[in-house]
Amino acid sequence: MLNFLRPSGGGRVEKISAKDAVAKAKAGELTVVDVREGMEVKSSGKAKGALHIPLATIRMKADPSSPEKHPKLDTSKPVALYCASGARSAGAAQMLAQLGYEHVYNIGGLGDWHAGGGEIER
1 MLNFLRPSGG GRVEKISAKD AVAKAKAGEL TVVDVREGME VKSSGKAKGA LHIPLATIRM
61 KADPSSPEKH PKLDTSKPVA LYCASGARSA GAAQMLAQLG YEHVYNIGGL GDWHAGGGEI
121 ER
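When the sequence shown is numbered by my numbering, its final residue is 122 and no position is left out of the sequence of numbers.
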């Protein structure tokens with residue numbers, strides 16, 4: 001029962017501290033993805049260097065078999081996601097794990113990123 005909640009393939013989602021995410025992103029070891037809506041990004045900015053892929057389009061943009069796949073997403077490279085509070089990014093991270101991404105992390109919210117020393121770009 002509730003097997004639909006378990007990943008069908010790929011890696012598992014892990015929590016990553018914002019400080020570690022910031023360091024790994026700066027070193028080029030991690031792709032950071034903002035899954036918030038466009039108006040949220042417009043009003044508060046986004047993590048410096050992060051890809052902006054709204055939750056509504058993440059499956060299409062992350063699916064390796066999709067013609068719409070974002071060119072900077074790679075199933076073998078670690079990916080860390082964030083939103084405003086961490087809830088939407090947790091769901092999006094689970095989706096990436098199901099799509100076969102090997103290392104998927106949830107940073108939490110943009111505030112966590114900033115508190116971990118991450119820069120915000122507008």
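Ideal Cβ positions, reconstructed from N, Cα and C, are used throughout, including at glycine.
**Q.** Where the beta strand (DSSP E) through Leu81 begins and ends
**A.** Where Leu81 is concerned, the enclosing beta strand (DSSP E) stretches over Val79 to Cys83.
Q.
Rounded to whole angstroms, what is the Cα-Cα separation between Pro78 and Leu30?
A. Rounded to whole angstroms, Pro78 to Leu30 spans 5 angstroms at the Cα level.
(Q) By alpha-carbon positions, which one of Gln98, Ile16 and Met39 ends up nearest to His52? (A) It is Met39.
Q: Would you check if the distance between the CB atom of Ala80 and the CB atom of Val32 is smaller than 8 angstroms?
A: Against a cut-off of 8 angstroms, the Cβ pair of Val32 and Ala80 comes out as a contact.
Q: Excluding the 5 residues preceding and the 5 following Val41 in the sequence, name in chain order all residues of the same chain whose CB lies nearer than 7 angstroms to its CB.
A: For Val41, same chain residues with a beta-carbon under 7 angstroms away, outside a window of 5 residues either side, are Asp34 and His52 in chain order.
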